[in-house]
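In what follows, a structure is listed as structure tokens, so that the remarks can point back to it.
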Amino acid sequence: MTGYLDSDDRKYTRVYKEQTPDILKAFADFDNAVFAAEGREIPLKYRELIALGVALTTQCTYCIDGHSNNAVKAGATQAELAEAAWVAAALRAGASYAHGRLAFKLTEGAHQH
Numbered sequence: 003m004t005g006y007l008d009s010d011d012r013k014y015t016r017v018y019k020e021q022t023p024d025i026l027k028a029f030a031d032f033d034n035a036v037f038a039a040e041g042r043e044i045p046l047k048y049r050e051l052i053a054l055g056v057a058l059t060t061q062c063t064y065c066i067d068g069h070s071n072n073a074v075k076a077g078a079t080q081a082e083l084a085e086a087a088w089v090a091a092a093l094r095a096g097a098s099y100a101h102g103r104l105a106f107k108l109t110e111g112a113h114q115h
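The sequence shown begins at 3 in our numbering and counts up by one.
Below, the structure is given as structure tokens:
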């Protein structure tokens, strides 16, 4: 093993195919429906940019790779990729800010003055 993320990691999909083929097919059908080129209200480019923002937030390198490339194939520019990254960063920062208030709430009255 050269690392956690290798270019040939997809070969391990065979385990899903062997052990849980029905679930793999259901997931693939679902994913294909979500990212269908036609027939959705949100254009594919924007769905891929949304997916990229989520991938950046969850820090899934496989998803970052796939959805950034798919977004570009769907017509996204570098500026749009950058803005998607900033949107993800704003939500991560906003969540820390909002959940920081929870720390105040949960420790209210516990401080000695």
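The beta carbon of each residue, even a glycine, is placed where N, CA and C say it ideally should be.
If you're wondering where the values come from, they're calculated on a predicted model, not measured in any experiment.
task: Please report the Cβ distance between Glu50 and Ala81, rounded to the nearest whole angstrom; I am assuming they are in contact, meaning their Cβ atoms lie under 8 Å.
output: Rounded, the Cβ-Cβ distance is 15 Å, inconsistent with contact.
field: Residue burial classification, Glu9 (beta-carbon count within 10 angstroms, cutoff 16)
entry: Looking at the sequence shown, residue 9 is not Glu but Ser. Burial call: exposed.
query: Got a sec? Which residues, its chain only, sit under 8 Å from Ile44 by beta carbon, not counting five neighbours each side?
result: Ile52
message: Report the CB separation of Leu46 from His69 in whole angstroms; it is logged as a contact under 8 Å.
response: So it is not a contact: roughly 11 Å between Cβ atoms.
- request: Find out if the Cβ-Cβ distance for the pair Leu83, Ala91 is shorter than 8 Å.
  value: no
query: Do you know whose CA, among Thr59, Gln61, Ala76 and Thr15, lies nearest Phe37's CA?
result: Ala76
- prompt: To the nearest whole angstrom, what separates the beta carbons of Leu58 and Ala87, a pair I think is in contact under 8 Å?
  reply: 6 Å
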